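Note sheet for the following structure.
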Amino acid sequence: MFVVVIAAKGAAVQNCFGFIDGTARSICRLSQNQEKYYSGHKRQHCVKYQSLLSPDGIILNLKGSYPGRRHDAGIFRDSELYEQLERVAAFQNGSRFVLFGDQAYGIRELLLCPYPGRGVNEAQRNFNTSMSVVLQAVEWGFQEVLTQFAFIDLNKIKNCYYRI
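Okay, so the sequence shown: first residue is 1 according to the UniProt record's numbering, each after it adds one.
Have a look at this one:
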């Protein structure tokens with residue numbers, strides 16, 4: 001079970017079963033409606049995806065594509081993933097499974113994130129450190145998709161063509 005694996009890696013949360021994160025994939029500037037796809041944060045035109053991953057890198061849920069200007073929290077809200085979790089995320093003993101994501105998602109009963117800012121105490125810092133180690137699974141999952149499907153990486157495609 002994923003909960004056992006995550007806890008065994010030293011995570012501070014003992015009932016975490018997966019990790020959620022968003023990614024932005026670069027696209028060419030569109031001739032129409034380009035402002036929807038421009039991410040001021042990334043300073044590029046892009047589409048966004050949201051992924052829920054297990055600790056072994058399996059993509060449990062993938063939502064997208066969304067226009068690049070959408071915030072991760074808005075994508076999460078529109079995906080209705082939280083409502084699905086509320087229906088199914090229960091242990092037999094009555095406790096609940098939780099997800100872990102970055103601060104963009106905010107804290108809810110079934111969704112945890114790191115403590116924000118520099119003014120964290122030692123216990124909060126230890127929590128953040130223990131969870132950041134296991135949170136790397138999300139980034140590995142996105143990297144695996146890019147490795148298997150290199151044609152979706154715009155930067156690699158741009159470099160394939162010779163200019164005459």
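Note that CB positions come from ideal geometry on N, CA and C, so glycine has one too.
Quantities reported herein were computed from a predicted structural model and do not represent experimental measurements.
Using a Cβ-Cβ distance cut-off of 8 Å, the region 124-135 and the region 34-50 are not in contact, since fewer than three pairs of beta carbons, one from each stretch, lie closer than that value.
Bounds of the alpha helix (DSSP H) holding Val-88 are 81-88.
In this structure, the beta-carbon distance from Gln-50 to Gly-94 does not fall below 8 Å. Between Tyr-38 and Gly-10 the beta-carbon gap is near 40 Å, outside 8 Å, which marks them as no contact. As a beta-bridge residue in DSSP terms, Lys-63 pairs with Gln-50. Judged by beta-carbon spacing, Phe-2 lies within the 8 Å limit of Ser-54, meaning their Cβ atoms are closer than that value. Cβ contact annotation for Ala-7 (same chain, cutoff 7 Å, sequence separation greater than five): Gln-14, in chain order. Taken through DSSP and simplified to helix, strand or coil, Gly-74 comes out as helix. Judged by DSSP in its simplified three-state form, Phe-142 adopts helix. Arg-96 is positioned such that its CB atom lies closer than 8 Å to that of Leu-110. Exposure of Ala-90 is indicated by the presence of fewer than 16 other C-beta atoms within 10 angstroms of its C-beta. DSSP places Leu-112 in the strand class (E or B) of the three-state scheme. Ile-20 places its beta carbon 8 Å or farther from that of Leu-62.
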